[in-house]
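First up is the structure itself, then whatever we jot down about it.
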Amino acid sequence: MKSTSGDSTTINIPESRNKTVAKGETPYVRIQAAHPMHDQKGGWKKGISIFDFILRLGATAAALGAAIAMGSSEQTLPFFTQFFQFQASYDDLPTFTFFVIGMGIVGAYLVLSLPFSIVTIVRPHAVAPRLLLLIFDTLALTLNTSCAASAAAIVYLSHNGNSDANWLAICQQFGDFCQQSSGAVVSAFVAVVIFVILILMSASALRKV
Numbered sequence: 005m006k007s008t009s010g011d012s013t014t015i016n017i018p019e020s021r022n023k024t025v026a027k028g029e030t031p032y033v034r035i036q037a038a039h040p041m042h043d044q045k046g047g048w049k050k051g052i053s054i055f056d057f058i059l060r061l062g063a064t065a066a067a068l069g070a071a072i073a074m075g076s077s078e079q080t081l082p083f084f085t086q087f088f089q090f091q092a093s094y095d096d097l098p099t100f101t102f103f104v105i106g107m108g109i110v111g112a113y114l115v116l117s118l119p120f121s122i123v124t125i126v127r128p129h130a131v132a133p134r135l136l137l138l139i140f141d142t143l144a145l146t147l148n149t150s151c152a153a154s155a156a157a158i159v160y161l162s163h164n165g166n167s168d169a170n171w172l173a174i175c176q177q178f179g180d181f182c183q184q185s186s187g188a189v190v191s192a193f194v195a196v197v198i199f200v201i202l203i204l205m206s207a208s209a210l211r212k213v
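Heads up: the sequence shown begins at 5 in this note's numbering, then just goes up one per residue.
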């Protein structure tokens, strides 16, 4: 723009170029500042995913170990004749049968969930695999808890009996059977604790997305 007053002429230089440079620098600064924060969050989520994978391996061992231990629990009391024997086996009790089937399902699910856990390690910011694991972990936790709780009640009765219902404590005679079934129940509760940790970790990771 030019303005004339008498013999003097004033020329105003536009500042559009300076404003353009300033506008060009602002996104560059923001991009540079955003990358470290993005990498920091990605590293935190990747650490959770790695820990998730390790815990799943432990839960798989606990669940399958519980199913195998209960499924192989059997004891026969020695007597003089083979036609008169007392035998205790897991399939004599429907609760223990349910325990073996249920923990087998939980263990199979944990094996199938390992590839999805690996996906969350490779892609820490992926929401779909974490959400899928959170939903199915909750369902598996429900089944696992029901199996462990019902079997724990039978194990308690086997050790202590119930005088009101006239149920005898069979663990005085079938010691090996009770010891093996008790170990299976403890292993199942270990899997329950790991599932709770997995669910809390997945929920925390989704909340930070």
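Using N, Cα and C, we set each Cβ at its ideal position, and we do this for glycine too.
Between which two residues does the alpha helix (DSSP H) carrying residue i extend?
i: Gln79; result: It is not in any alpha helix (DSSP H) - Gln79 instead sits in the beta strand (DSSP E) that spans Glu78 to Leu81.
i: Val131; result: Premise fails: Val131 is in no alpha helix (DSSP H) and is neither H nor E.
i: Leu202; result: Gly179 to Arg211
i: Leu118; result: Pro98 to Val126
Less than 6 Å between C-beta atoms, sequence neighbours within five positions excluded: which residues of the same chain meet that for residue i?
i: Ser77; result: Tyr94, Phe181, Gln184 and Ser185
Spatial neighbours of residue i within its chain, please: CB distance less than 8 Å, with the 5 preceding and 5 following residues excluded, ordered by chain position.
i: Leu61; result: Leu118
i: Ala207; result: Leu138
i: Phe100; result: Met74, Ser77, Tyr94, Ala155, Ile158 and Ser185
i: His39; result: Interpretation of His39 is limited by its pLDDT of 46, a score under 50 that renders its predicted location unreliable; no figure is taken from the coordinates.
i: Leu172; result: Gly165
Cβ of residue i within 9 Å of Cβ of residue j?
i: Ile122; j: Phe193; result: no
i: Gln79; j: Gly179; result: yes
i: Thr149; j: Val196; result: yes
i: Leu210; j: Val126; result: no
i: Phe103; j: Val189; result: yes
i: Leu147; j: Ile109; result: yes
i: Leu97; j: Phe120; result: no
With which residues is residue i paired in a DSSP beta bridge?
i: Asn166; result: Trp171
i: Gln91; result: Thr80
Near residue i, what residues of its chain come up, given a Cβ to Cβ distance below 7 Å and the 5 sequence neighbours on each side ignored?
i: Gly111; result: Thr64, Ala67, Leu68 and Ala71
i: Ile203; result: Leu138, Asp141, Thr142 and Leu145
i: Tyr160; result: none
Which term fits residue i, buried or exposed, when burial requires 16 or more other beta carbons within 10 angstroms of its beta carbon?
i: Ala92; result: buried
i: Ser162; result: buried
i: Gly51; result: exposed
i: Ala152; result: buried
i: Leu81; result: exposed
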